[in-house]
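A.B. asks: Just dropping this structure here.
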Amino acid sequence: MNELTFIHKPFNELTPHELYAILQLRSEVFVVEQNCVFLDADDKDQVSMHVMCWQNELLAGYTRLVPAGVSYEESSIGRVVTSPKVRHAGIGKLLMNYSIRTSYELFGKTTITIGAQFYLRKFYTSLGFQQCSDIYLEDGIQHIKMFLPVIG
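In UniProt numbering, the protein residues as written are 1 to 152.
This is how it looks when you write it as structure tokens:
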């Protein structure tokens with residue numbers, strides 16, 4: 001695996017190239033690959049921190065760190081996505097671990113809540129998240145609410 005570079009920036013510091021790559025990756029996976037028509041531009045990007053995992057010029061992975069009170073009462077990690085070009089290389093786990101650490105640095109070491117696609121429950125459970133809702137449909141896709149408890 002080529003070297004990975006993780007960076008995070010608030011919306012107003014994203015370069016046009018970075019913003020284009022983020023929107024392109026989110027659209028490639030959430031709209032085209034998952035065949036889901038939804039409004040990705042939900043007015044949360046402007047208040048969020050954007051985590052990017054670059055592999056050379058490729059945006060290999062991305063998450064959006066959302067402050068408390070925007071998506072949930074607690075802070076949240078959303079729009080978790082890895083490029084189909086690098087799937088099954090462990091980048092998702094590295095990306096989420098970086099995102100969790102960064103969320104703690106930015107928002108304090110508090111509970112993190114996510115709305116996870118149900119088929120990824122095992123992945124998020126492996127990171128310490130716990131399911132806290134029944135399955136619900138969001139944009140026609142099964143989701144569950146999960147949280148990462150603060151330990152220690």
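The beta-carbon is built from N, C-alpha and C at its ideal position, and this holds for glycine as well.
Would you mind reading off the limits of the beta strand (DSSP E) that contains P10?
C.D. replies: That run of the beta strand (DSSP E) goes 4-10.
A.B. asks: Using only CA atoms, which one of L137, E138, F107, P149 lies nearest to S48?
C.D. replies: Among L137, E138, F107, P149, the Cα nearest to that of S48 is on F107.
A.B. asks: I think S71 touches I112, with their Cβ atoms under 8 Å apart; what is that distance to the nearest whole Å?
C.D. replies: Not confirmed; about 11 Å, so no contact.
A.B. asks: Run through DSSP, which three-state label would Q34 get?
C.D. replies: Q34: coil per DSSP, three-state reduction.
A.B. asks: Can S27 and A60 be called in contact, C-beta distance under 7 Å?
C.D. replies: Contact: no.
A.B. asks: Three or more C-beta pairs under 8 Å: does that hold for the region 2-20 against the region 40-55?
C.D. replies: Yes, the region 2-20 is in contact with the region 40-55.
A.B. asks: Taking C-beta to C-beta, are K44 and V66 nearer than 7 Å?
C.D. replies: Yes; because the gap between Cβ atoms is below 7 Å, this pair is in contact.
A.B. asks: Could you check which residue in Y104, G69, E57, G92 has the C-alpha nearest to that of V150?
C.D. replies: Of Y104, G69, E57, G92, the residue nearest in Cα terms is Y104.
A.B. asks: Using CA coordinates, which residue listed in I91, V31, I135 is at the minimum distance from A116?
C.D. replies: Checking every option, the nearest Cα to that of A116 belongs to I135.
A.B. asks: Per DSSP, which residues does L137 bridge with? Please list them.
C.D. replies: Answer is Q142.
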